Structure formats: structure tokens, C-alpha cells
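Below is one structure; the comments refer to it alone.
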Amino acid sequence: MRSTPEPQAATAAAAKGDAEGRAEVEALIRDLEGRAMAAHAEAQALNKAQRFEEAKAKYDEMRRLDAKALRLANSLGCPSCRSNQSGAAGGAAAAPAAAAPEYATLQRVTPWPGPDPAAVADAAFGAVLGAGVADAAATSVQWIYDLATLEQLLSNRRAREGPGAHLDFLDPPASPFLPGYEVGRSSPYGEGASATLRALAGSGGFDAAAYARVLLEAFGEGFDGYRNASITGFLRNYGRGAAPPATGAEDAQADCVTRLPPLVAAFAGHDNLMRMVAAATRTTQNTDDAEAWACAGAAVLEALVLGGATVAEAVERAAAELRAGSGRLPASPRLAAISGHLKQALDLRAAPPSGVIEQLGRNCHMPNAAVTPIHVALHAEWRLEQSGARTAPAADVAFAEAVRGALAGGGCCASRAGFAGACLGARLGPGAVPAAWRAKALCAGEVEGLFAQLRAARGGG
1 MRSTPEPQAA TAAAAKGDAE GRAEVEALIR DLEGRAMAAH AEAQALNKAQ
51 RFEEAKAKYD EMRRLDAKAL RLANSLGCPS CRSNQSGAAG GAAAAPAAAA
101 PEYATLQRVT PWPGPDPAAV ADAAFGAVLG AGVADAAATS VQWIYDLATL
151 EQLLSNRRAR EGPGAHLDFL DPPASPFLPG YEVGRSSPYG EGASATLRAL
201 AGSGGFDAAA YARVLLEAFG EGFDGYRNAS ITGFLRNYGR GAAPPATGAE
251 DAQADCVTRL PPLVAAFAGH DNLMRMVAAA TRTTQNTDDA EAWACAGAAV
301 LEALVLGGAT VAEAVERAAA ELRAGSGRLP ASPRLAAISG HLKQALDLRA
351 APPSGVIEQL GRNCHMPNAA VTPIHVALHA EWRLEQSGAR TAPAADVAFA
401 EAVRGALAGG GCCASRAGFA GACLGARLGP GAVPAAWRAK ALCAGEVEGL
451 FAQLRAARGG G
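The sequence shown runs 1 to 461 under the UniProt record's numbering.
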């Protein structure tokens, strides 16, 4: 593999003069970005072929290349001269005008809507808490694509702890990509959602510049965890001096859905919810695909937070809105296709998640990274309906069973569990999140405190 001595290259390029030196460093960054994207594509193909060790080696290569590109981008840094021109390679430049209000000024939250604001606030809390706790339950087995490995881990745990044990909060953790993550720590997806909640609670609304600073503080120098592709791309572009939305990476993976619970909690019922979702998404994922999927997921989750809808009804309403191309949604030819994917999840609601995940895919990419968690929530609701009022399990039991089904599917199970947990937390209420799980999830205390700030900013409720 080629070696790029990036510190020496940056120093030599800088010595040639500002413009010429910067151009050479940018060329080096683009080369590294292109090679990282190629390694990512190879890793995906190897995973699908069940060549898991080779896939992991390619993912490791991708991360090394990404890290080199990030160090070079930081050498260009100019925080005081932020530009709205994207520095990312490829299609990320197709961003909306940064002069739009959602990028230029603080967009404050509005009072909780509806005749029962407290119920809406409780559902919003259920979404945020359910997402955070379910994600943390999955971290220990995140990105294990070999189902035989998962089965062996489960068998070993049951041998130690008894037949009632499951994969949630597995101790010791077994994720091949998160070796430094302790039991109960949020996955990289959960860490991104927590940063989003921190930014919204701290600002009392959405402020793109403040959000970018919070992300830098969370994932920049000193961060000891795993940076997802969108965060790595964001940090590179921010290091180049870009401002939102040009900070966003050329990426449309699961992050665009896993960061939705705080955004929907902040803006459910707000006329500009979708504009806020689009702006927050493009801050880290500056692509039309990411924006479209984020808005689709937000439509489902908002219906649950506002109340009066089952999961099935929320999905049906969102699919209909996408088909109609509602004025609040981004103008995109992708919406009709996304509507079809939501309808597929609805049609499969009676099928166990294991088979649906096998059919649709278990990685971090769309459409499966949005459709499979929605299906998990749909199936959990379907099971409750089949049980009947007298024999239905308690809400916390139903929540735990659903999340365990998400984990058993393997692959990118934290993103799957997190968004399924958001949907079920909104539908069943925060009391459905098991108390024992809340005690194990390291994020729970912060989530509760930050949501209290957000709740107060929207008028208490």
C-alpha cells in the first residue's frame, strides 16, 4: 500500500506559498479520500461475500486513510475564515444556499403543540431515551456481521448466566471495531445523537454554527472512540475552513436517521421541522440521499411523538406524504422510491426481524439502515396486537424483546436498535425503556438532563 508522509508533504507544500501550497495539500487530501472510499466499497463487497476478516482489514485500511486525510485537512485550518464552498470530493457540493435562515441564524424551538402538550413532551422524551438506551445495549456487539460468531457469543453467555441471557449489554464487549468501548457506552451513532441533543439543548434550538462547534468538541482532538465516515468527513471539511452545509461529508449512511430523535423532540409540530432536519443532516452528510432519508425518518417519528398514531399508521402516513411530495419535504426524485421502501416494511410487519434483515441487508447503508429499524418497531407492535390485552407483555418487556431482535440481526445493529428504540419509546412512552437498561446505559443521565433543558425551552409541557 502506498505511504503518504502527510506532515512532510504539508510542510513542503506550504513552503511553496499560500495558494500553491494549499492546492497541493488539497490534492493529497482528495487522493486519500478517494482511496478511502474505494477501500470502503471493497469492504462492503467482502462483507456481503461473508469474507469477514478480509472485510475488517479493508475497513481498517479505510480508517487509516481517513485519519491521514484528516491530519492534512487540519494543517489547512482557518477557523476564522469559514467558507460555504465544499471541500469534499464528489457530489457533496450539491448543497442548498448557506444563506438560508436555518444555516445563518438560531432557529428557536416553539412551545409543545397540541391539546395535551405534556403527552407530546413525554413521547419526545421516550423517543430520545429509547434511542439512547437501545443503542447502548447494542454497542458490545456492533458491527459483527458473522451470525455464527453472534450465536457463539450468546451460547457462551447463557452458559455463564443462564438460559434467560441475551446479547444486550454483553460483557465483555465483543465488537471488533470498538475495542476501547466499555459495556454501556454509546456506539458511535449514539455518541452522534448525544452531541446533537447537547447542541439543541444548549442553544434552545438549532444553530448550525454552534452545532458544528459541538461536533468538533465531541469528536475532534482528544476523542478516544471510533469516528464514523460522516464525522471524519465533517472534521476534514471543518478543518479546511468550511461552514455548514459545506462541512458535510459525501455520505448517506445510518447517521442521518440515528440523529433524528433529538431533532424531532426539539421541532415536532414546528412548521420548519423538515428544514431543521435537512440543515442538521447536511452539516455532517451533505448529500441529497441523506437529506431525503432523514426527512422520511423524521416524518415517521414525528407522527409517533405527536400522538394518536400507531407505528403502522405513522409509517403509512409518512409513505403517503412522500408519494404526494408534500411542500414541507425537499424536492427530490428519491421520495417516491423511499415511500415504496416504507410500504415494504409495512407489508412485512408480521415477519420476524431476523428474516427481514437477512432479506434487506444488515449494513449501515440505505435503504436497509432505515427500513430494518422501522420494521423492528412495526413487528413489535404487531406482536402486541396479536397477544391481545389480557396476554400482552408489559411495555418494557416488549421494548426489550424488540431491541434484542434488532441485535440478533447482526451487522450495524446499534443504528438499527437505536432508531427502533426511538419509535417504540415514542409509541409506548419512556416507561417502556427498562429500568435495568437505563441503569446500564452510560448516556442515560446526560440524556435525561439535556432533555429536561429542551423540555423547559419548549415551555415545560
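Where is the CB? At the ideal position from N, CA and C, for every residue including glycine. Since this is a predicted model, take the numbers as computed values, not measurements.
In the DSSP annotation of this structure, the continuous segment of the alpha helix (DSSP H) that includes Ala420 starts and ends at Cys413 to Leu428.
Look at Gly239 here: in three-state DSSP terms it is helix.
In the DSSP secondary-structure assignment, Gly205 is bridged to Arg108. In terms of Cα proximity to Val141, the closest of Gly461, Ala337, Gly425 and Ala406 is Ala406. With respect to Arg349, Glu321 sits apart: the two C-beta atoms are not nearer than 9 Å. With respect to the 9 Å criterion, Pro393 and Glu401 are classified as neighbours on the basis of their beta carbons.
With a contact defined as Cβ atoms closer than 8 Å, Ala131 and Ala422 qualify at about 4 Å. The count of Cβ pairs closer than 8 Å, one atom from the region 417 to 434 and one from the region 120 to 128, reaches three, so the stretches are in contact. The Cβ atoms of Ala324 and Ala303 lie no closer than 9 Å to each other.
Here the C-alpha atom of Ala290 lies approximately 33 Å from the C-alpha atom of Ala439.
Here DSSP, grouped into helix, strand and coil, assigns Ala249 to strand. Per DSSP, Arg275 is one residue of the alpha helix (DSSP H) stretching across Leu273 to Thr284. As the crow flies, the alpha-carbon of Arg22 is around 39 Å from that of Gly297. Counting along the chain, no alpha helix (DSSP H) covers Asn228, and no H or E run does either.
Gly449: member of the alpha helix (DSSP H) spanning Ala444 to Ala457, first to last residue. Under the 8 Å Cβ criterion, the region 178 to 185 does not count as touching the region 145 to 157, having fewer than three qualifying pairs.
Selection Glu42, Lys48, Tyr59 and Asp66 evaluated against Glu33 yields Asp66 as nearest (Cα-Cα). Within the region 139 to 223, the complete alpha helix (DSSP H) segments of 4 residues or longer fall at 147 to 161, 188 to 203 and 208 to 219, listed in chain order. Collapsing the DSSP output to three states places Cys256 in a helix.
When Gln453, Cys412, Val25 and Arg35 are compared, the shortest CA-CA separation from Asn228 is found for Cys412. Note on geometry: alpha-carbon atoms of Val133 and Pro330 lie some 31 Å from one another.
Gly461 places its beta carbon 9 Å or farther from that of Trp143. A direct Cα-to-Cα measurement between Ala27 and Trp437 gives close to 47 Å. The shortest C-alpha to C-alpha distance from Glu217 to any of Ala441, Ser194, Gly205 and Ser339 is the one to Ser194. For Asn363, there is no enclosing alpha helix (DSSP H), as DSSP gives it neither H nor E.
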